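Please read the structure below before turning to the comments.
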Amino acid sequence: MRIPKETELSKNRAPNRPIVAPKFHHTTFTTLRLDDMVAWYCNVAGLTPVYHGESAAWLTNDEANHRIAFLSPPGLKNPVDKPHTIGLHHTAFEYADFDAWMYNYVRLRDSGIVPFLTLDHGMTISLYYADPEGNGVEIQVDTFGDWSKSKEWMSGSLEFAEDQLGAHFDPDKLVEAWQAGLSFEEIHRRTRAGEYAPAVIPTDIFLPEVY
Ligand SMILES: [Fe+2]
Numbered sequence: 041m042r043i044p045k046e047t048e049l050s051k052n053r054a055p056n057r058p059i060v061a062p063k064f065h066h067t068t069f070t071t072l073r074l075d076d077m078v079a080w081y082c083n084v085a086g087l088t089p090v091y092h093g094e095s096a097a098w099l100t101n102d103e104a105n106h107r108i109a110f111l112s113p114p115g116l117k118n119p120v121d122k123p124h125t126i127g128l129h130h131t132a133f134e135y136a137d138f139d140a141w142m143y144n145y146v147r148l149r150d151s152g153i154v155p156f157l158t159l160d161h162g163m164t165i166s167l168y169y170a171d172p173e174g175n176g177v178e179i180q181v182d183t184f185g186d187w188s189k190s191k192e193w194m195s196g197s198l199e200f201a202e203d204q205l206g207a208h209f210d211p212d213k214l215v216e217a218w219q220a221g222l223s224f225e226e227i228h229r230r231t232r233a234g235e236y237a238p239a240v241i242p243t244d245i246f247l248p249e250v251y
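The opening residue of the sequence shown carries number 41 in the numbering used here; numbering runs sequentially from there.
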């Protein structure tokens, strides 16, 4: 088959033709603590290693061959002031339903793993954890249960335009409300209204210092 020249192609293309976008696939971290990182992501976000070698590992928790990978070549150094350095703030995983999200919070809390930041952003309720090397991991649940609706709310609502951070909350107060039988919608409404605010409201969103 003859491959058309760029000039020939250009003539036939609308100037505002849609870009055919590749799908987002995975994030790769360098690490000094390969085995700890693998174990932590397996525990917190239900990943399993597809391949776990001596100096690298590839993990997934869905049909993709990997979603999170770790490389641990010789010569890596600890970061300096990572929380206040530009770059990746967090990766995120989403539960499809509120009960599963709550169960995961309780399971992790009972094993001593708690979030450093908790926010009801409006379109998601989000728990932010720090992995063993201080990278953020958000575990969220979509409050609309529908990406098209949550996307529309982000782009079109006055509420999000006025406040993109949302309401801080004490996750244990959500557990209490959940165990008392309140619906997800009601818990979300009350969280947004500040009824489950933590005793101390964080003043920033910086990652915790690990190194
Ligand atoms: Fe996020």
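Each residue gets a CB set at the ideal place from its N, CA and C atoms; glycine is no exception. Only a predicted model underlies this, so the values are computations on that prediction, with no experimental measurement involved.
Proximity to residue i [Cα-Cα], best of the options
i    : options                : result
D244 : P89, V90, H129         : H129
W80  : M142, G152, N105, A140 : G152
V120 : P114, E173, Y168       : E173
L247 : A201, I227, V177       : V177
Y145 : T67, G234, L205, P211  : P211
G86  : V78, A170, H161        : V78
T88  : D76, E202, N101        : N101
D150 : R229, V215, F69        : V215
D137 : I165, R147, G115       : I165
E103 : M194, H66, T70, Y168   : H66
R230 : L99, P58, H161         : H161
I108 : P242, D171, E225       : D171
S95  : R73, N105, V84         : R73
W141 : V84, G196, G127, T125  : V84
Delimiting residues of the beta strand (DSSP E) encompassing residue i
i    : result
A109 : 108-111
L205 : Where L205 is concerned, there is no enclosing beta strand (DSSP E), given that its DSSP letter is neither H nor E.
D186 : No beta strand (DSSP E) contains D186, which DSSP labels as neither H nor E.
L157 : 157-160
P70  : One detail in the question is off: residue 70 reads as Thr in this sequence, not Pro. Run containing T70: 67-70, per the beta strand (DSSP E) assignment.
Alpha helix (DSSP H) segment containing residue i, residue limits
i    : result
V84  : 74-85
I4   : Since the displayed the chain opens at 41 and closes at 251, residue 4 lies outside it and no answer follows.
L198 : 198-202
Identity of the residues DSSP links to residue i by a beta bridge
i    : result
F246 : Bridge partners of F246: none, in fact.
Q180 : E134, S166
A104 : Bridge partners of A104: none, in fact.
H92  : A97
L222 : For L222, which the question treats as bridged, DSSP gives no partner whatsoever.
D139 : In DSSP, D139 forms no bridge with anything.
Whole-Å CB distance - residue i paired with residue j, under 8 Å assumed
i    : j    : result
P155 : E249 : The pair is not a contact, with the Cβ atoms about 16 Å apart (cut-off 8 Å).
(message) As a quick check of your reading: which residues have a C-beta less than 6 Å from at least one non-hydrogen atom of ligand 1, in chain order?
(response) H130, A132, E178
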